[in-house]
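For the sequence shown, the UniProt record's numbering assigns the number 1 to the initial residue and increments by one for each residue that follows.
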Amino acid sequence: MVFLSRKKPPPPPSSSSAAPSLKIPQPQKESVEPDAVEKMTAILAEVGCTLMNPYGPPCLPSDLHAFRRNLTGRLSSFSANSGERDNVGALCSVFVAGFSLYIQSPSNLRRMLSSSSTTKRDESLVRNLLLVSPIQLDIQEMLLEKLPEYFDVVTGCSLEEDVARLIINHFRWLDFIVNPHVFTDKLMQVLSICPLHLKKEIIGSLPEIIGDHNCQAVVDSLEKMLQEDSAVVVAVLDSFSNLNLDDQLQEQAITVAISCIRTIDGEHMPYLLRFLLLAATPVNVRRIISQIREQLKFTGMSQPCASQNKLKGKVPAYNAEGSILHALRSSLRFKNILCQEIIKELNSLEKPRDFKVIDVWLLILMYMNGDPVRKSIEKIFKKKVVDECIQEALLDQCIGGNKEFVKDNFASFVSLAEHLLSSKEEKAREIGSHIYSRLFEEFTDNYSRQEILGALVTHVGSDNKFEVSSVLEMMTALVKKYAQQLLPFSSHINGILDYLEGFTIDNLHKVYEVFSLLALSARASGDSFRSSISNELMMIVRKQVSHPDLKYKKMGLVGSLRIVSSLGDAKSVPDFSSSQVSDCGEILELLKTSVESCRQSNLALIMFYDEFATILSHKLLQPEIMEWIGKHLGEFESLFLADLENEKMAEKGSYSGLEGDLWMNLDGSISPICLNILALASSSSESCCLQILPSNFLLLSTVERLTNDGSLAGVDALLGCPLHLPSSKYFAAAGWQSLAKKQKEILSLSLYYAANWIRELLNAFSSQIDEKIGCISQATVKDVTTKLLKRLRNLVFLESLLSNLITLSPQSLPELHPYSESHVEHPRKKNEKRKLDDDASQRKVSMKNNLKKSKHSDVNEKLRQPTIMDAFKKAGAVMSHSQTQLRGTPSLPSMDGSTAAGSMDENCSDNESLIVKIPQVSSALEAQRFKFRPLLPQCLSILNFPKVLSQDMGSPEYRAELPLYLYLLHDLHTKLDCLVPPGKQHPFKRGSAPGYFGRFKLVELLNQIKRLFPSLRIHLNIAISLLIRGDETSQTTWRDEFALSGNPNTSSIVVSESLVYTMVCKEVLYCFSKILTLPEFETDKSLLLNLLEAFQPTEIPVANFPDFQPFPSPGTKEYLYIGVSYFFEDILNKGNYFCSFTDDFPYPCSFSFDLAFECLLTLQLVVTSVQKYLGKVSEEANRKRNPGHFHGLVPNLHAKLGTSAEKLLRHKWVDESTDNKGLKNKVCPFVSNLRIVQFTGEMVQTILRIYLEASGSTSDLLDELACTILPQASLSKSTGEDDDARDHEFPTLCAATFRGWYKTLLEENLAILNKLVKTVSSEKRQNCQPKTTEAHLKNIQKTVNVVVSLVNLCRSHEKVTIHGMAIKYGGKYVDSFLKVFDFLEAHFQDHKELVIQLGMKQTAITSKIPATKRSLERFLFHVKALLHRTSGGSNFWMGSLKHKDLRGQIVSSQAYIDNEADEVEETMSGEEEPMQEDELPLTP
């Protein structure tokens, strides 16, 4: 065709031009032209059409159907005779030629395209001629050839004026197309040269023009056209949507659309996304979602923290992205399949870099759809936040990048933030708070901020303490940053005050800090704000302080002192001096009111002193306030101190019939004063003063340190002054017997107050060493250090002695630490009350039993007067001979590290003193530990004293100090419990942390912990060395050491050195484990490096790590991890730190199962830490360059961990030559034998689980243990010869631990099957390799072997618990096994033998378990369906199921009568005897 080769179409002819000038060149044109036009006119006239209408378009007859029918018959060769067909063909050619000549004139073409009716636009002559089949194709081609002549029409003209659009409009909705392929090809050729506006018109009309014909050519042409010009993408997508495409063409169209994601203009992206999402089917939805996520460039703001001008000059970009989000929202609203696939796709992402801004928006948009997916969105959003896949920067881009669209989805953001804040995970709460903060910063309008503050106040009313704490922390941060902007919303914030009663002390601090900051900010505002905030706040706290209920009084004290801290800060510079004066006067009045209201409650006064001391430790208040404090503290000397003359009390008196002595005098004769504890404790009117003594001294020392540049020289006499306590003679048997109940209580209270006084001395003066104050001389530092060690020894002695007294005479101690008491009754208080009630009830029961026994006893026995020894035995302080034989050495620790209470030997005379054992922890005293004053973090600096670091391992001085360091290590362990998240707490770690730290913050403890790493390592090394040597120091030496600290000589002190060394080792390992799991390690990498460096061995043998080539360089994290792992492994094995051992004890930790177990747990935590902290580094190294030693580090450490666990399991922990060492004869005076066995069994389970998980092939090891080792275990409860006769090599597998082994193997086997199910399910869509398929089948077969062997053990085991576990885990196994039937069916033909073996073996298992009968029926039907689908139905038959016990015996009440059915079932489930390998082979 000529027009296809033209570079530019000719201009349209003018209206005056003659028609002959536009004739198409043809042979004999001059002679044919007039005849053809006339002939065409005549033919039309014959069928009723007048072509030459001087008044407009050609006149058509009224019956158009008859017109087209007659014209078709006139031009059709099928209606003519055989002799006339040639003439008809010629006539048709003449008609077409005449039509071609006639439309050469633009006016004639326009007339023929115009409708002859004003009401019906399609009644044109051309439209009717296109419906005449003989000439349709010719007319179509001529019209398409005329299109290029009208390309230059002015854009925007009407349809009647645009000939090109008229022509295209005539092609739409034709009743039929004679030759669609030719017409489509012709149309596509013309389309390729059309101008853009006409091209879009034609492409959009293709479904109406082409219909269902030749869609393949259309799609191919449009794909090629789209590659050349992306501007037509919207029209192409519209055409794809309306064409009736088959599945193959639809996928081709989707592929074309996906290829345009990267290159398409932003304004066209919404149409593209809408097309792709609406075209999604279950087959292609995964590809569509993944490609959109991968290729869509959706970045949001480049600077999310930009200021208020962040939207200037960027409106078009954000509008485009907003349009994209609108398109996504409308598409996701009505197609649930898209939401499900997006959730699956996002759930599979595990790395932060895999998440994009569009992912967060997809979650937000789906969240708006409502309940069907809302829960799933909340779950996955929270999970990814906790896993740190969704981070703050990503949310900043979402919220800051599309402000207007965020406003449309404001409720969704607030709802998700609400869900995160209600979580227990700290990371989720942090992100939830961040979302609220960003929304508050971005939306400055009153409505949005009111909504945010209202939501926050709603959170405050939650019963979730984590949620409330996080919200208040965020509120505090907002007030500090936007105090002035929050003043207008104070009425909304006041809603927090409605929930004060449910707040903890910590949350009360945050609440009143919020209102105090608002009040401080209101000072610079108008009077209305000041009166509405400051006055209201003052009114509330005054009411609370004056309330008689202690709960409200505490709330008022916190509020009052927080106001004092904010408004009375000496560094705050007010705007008006008059305001400062009035505020100071108001603060002093508030302080006086608070003190006066606390006179009736010691706990309230204690809290006042503690809170005030905390404020003064961080800031200096105004001089008027400091002056008032000094006057108030002037009463300390007159209340609590007494003068001394020649080291004796100046005034002697009777203290409720008790005599007193001066204890623990460190200053000797130069001490002019003493702490008058006994006088105050014995006076009923003044005994309450001792309750406020520690807190009063705390405030005194804080003020002294604040006013003297950190020095405590003004009160240093209190550190060494003696304590006036009851005479030591009362702690002998005769003295104790002579005391009345009230006097015994005075003795216990005196020791209690003395211990807490020493605790506060340690808190105050340890800061002198810890802070290294420059004004203190070296001599003073040395003197303070010596006295601190002596005071610590006094504290250990006092608490050990008090522990004995509380055990002998239980009583409730007064509280000295108010933070332990929440508004809800403290759990320890409940335990304490329950314990006291239990003791009373036990005494009643014991009395009844004694009365029953007395009826059968001798008369003289009835009349015998009970002795003091009987009373001691009844209280549990002295054990009988039978008890001693049962328990062994009474000084042994329990599993949680506790020991027996102080007891008096049976053979001691009445003049002998009560035996004080160190270390000693009484359960009666530990139940009231929360009432004690806490040791502050600076006390832990005693562990770093230079004297300790300079000692040799066997130094007698260090041995004498080791019980003191054990006391501090236990306190550190208790504090670390507060830092470690609840989910990371290990069930075997003892100690429970207080719910509130009290006077110190977590940051202070963390700062102190950083300095302890080298000292912890030194204490561990020395304790293990001393434990291995076994040298014992005489008890006389220990008594002399305690006497040098001023402790009374009359008390019998017994120190168990081996117990001290063991407990030091365990406490260090506890502390190391807890420090390693601190959340702060994730943000502060220096903490981790310092900890690893501190626990490095002297030398790392490179030969032990042959897989590392090259070996990591010293100082790198990999090197440090290897060193730490080797350090703890060396404790479990022969090492360089210890001497060699005999064959009976090949491991250093063989002397203590507890210590070996704890060391293994620590080693496991090290390996876990390696996986966590080096996993990301290893992945990056693999992706970028040579991975080096990253590949082998974790597997190598895992293998060594498994080896260590195996050694513990294979070691014989019972030995006749050692006392109380090993696994079986481990006892605890406070724990029943049943609990000991249970606790030890749980330890063995943990070791076994580590052994299985760390092995190279868990399936093979499980198979070996379940099928070979466990059946050989002896179930006899006796020891000795039975243990020696065992056939297996695991001494830890005995009758006492068999249940733990059995349960662990069942659990691990079920876990392996579940992993296989998950793996098989994930490979369904992929082509699984034959080798992989066979490996999966063999692994499944191994799990079947294991569960078969374990269930068959029920036949020989009599314990009901074993039968119950077999039923429970057997049923779970069947349910999991049913999930792999699709996989078995898919690979049945290739692996028929393996599949059939699996089915037969599984039937034998479940037929023995009545509780899983329903699962068995489901299983049997699945097997039958599997065999029928795979043409193997004849290989299977089914019988009725019967109830059997685990021995295979039919239950008589449900025995079946049908003998035939019995035979069938026995065929299916096996004989009564266990199946043999030759009957049902398990290996191919």
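Where a beta carbon is used, it is the ideal one built from N, C-alpha and C, also for glycine. None of the values given here were measured: they were computed from a predicted structure.
Run through DSSP, which three-state label would residue i get?
i, result
"residue 1498", "Coverage of the chain is limited to positions 1 through 1484, which leaves residue 1498 absent and any answer about it impossible."
"residue 641", "strand"
"residue 1488", "This structure gives no information on residue 1488, because the portion of the chain shown stretches from 1 to 1484."
"residue 351", "coil"
"residue 415", "helix"
"residue 408", "helix"
"residue 152", "coil"
"residue 1142", "Only weak support is given to the placement of residue 1142: the predicted model assigns it a pLDDT of 37, under 50, and the question is left unresolved by the model."
"residue 424", "coil"
"residue 263", "coil"
"residue 607", "helix"
Taking the C-alpha atoms as reference points, what is the distance between residue i and residue j?
i, j, result
"residue 287", "residue 456", "41 Å"
"residue 1312", "residue 1352", "20 Å"
"residue 113", "residue 100", "14 Å"
"residue 427", "residue 383", "10 Å"
"residue 503", "residue 474", "16 Å"
"residue 553", "residue 1033", "53 Å"
"residue 1041", "residue 917", "14 Å"
"residue 736", "residue 1128", "48 Å"
"residue 1339", "residue 1370", "18 Å"
"residue 966", "residue 654", "38 Å"
"residue 592", "residue 409", "52 Å"
Taking 7 Å as the cut-off, decide whether the C-beta atoms of residue i and residue j are in contact.
i, j, result
"residue 198", "residue 231", "no"
"residue 188", "residue 221", "yes"
"residue 669", "residue 721", "no"
"residue 65", "residue 127", "no"
"residue 609", "residue 727", "no"
"residue 680", "residue 689", "yes"
"residue 320", "residue 266", "yes"
Go to residue i, then tell me how far its alpha helix (DSSP H) extends in each direction, as first and last residue.
i, result
"residue 1089", "1085 to 1094"
"residue 1055", "No alpha helix (DSSP H) contains residue 1055, which is instead part of the beta strand (DSSP E) from 1052 to 1055."
"residue 782", "778 to 808"
"residue 1117", "1117 to 1132"
Taking all protein chains shown into account, decide if residue i is buried (16 or more other Cβ within 10 angstroms of its Cβ) or exposed.
i, result
"residue 518", "buried"
"residue 281", "exposed"
"residue 931", "buried"
"residue 1078", "buried"
"residue 1485", "With the chain covering only 1 through 1484, there is no way to say anything about residue 1485."
"residue 396", "buried"
"residue 139", "buried"
"residue 1346", "buried"
"residue 458", "exposed"
"residue 514", "buried"
"residue 418", "buried"
Using a Cβ-based criterion (distance less than 6 Å to any ligand heavy atom), does residue i qualify as near the ligand HEM?
i, result
"residue 562", "With respect to the ligand HEM, the structure offers nothing, as it holds no ligand at all."
Span of the beta strand (DSSP E) holding residue i?
i, result
"residue 675", "673 to 675"
"residue 917", "915 to 918"
Of all the CB atoms in chain C, is at least one closer than 7 Å to the CB of residue i?
i, result
"residue 336", "No chain C appears in the structure shown, which is made up of a single protein chain."
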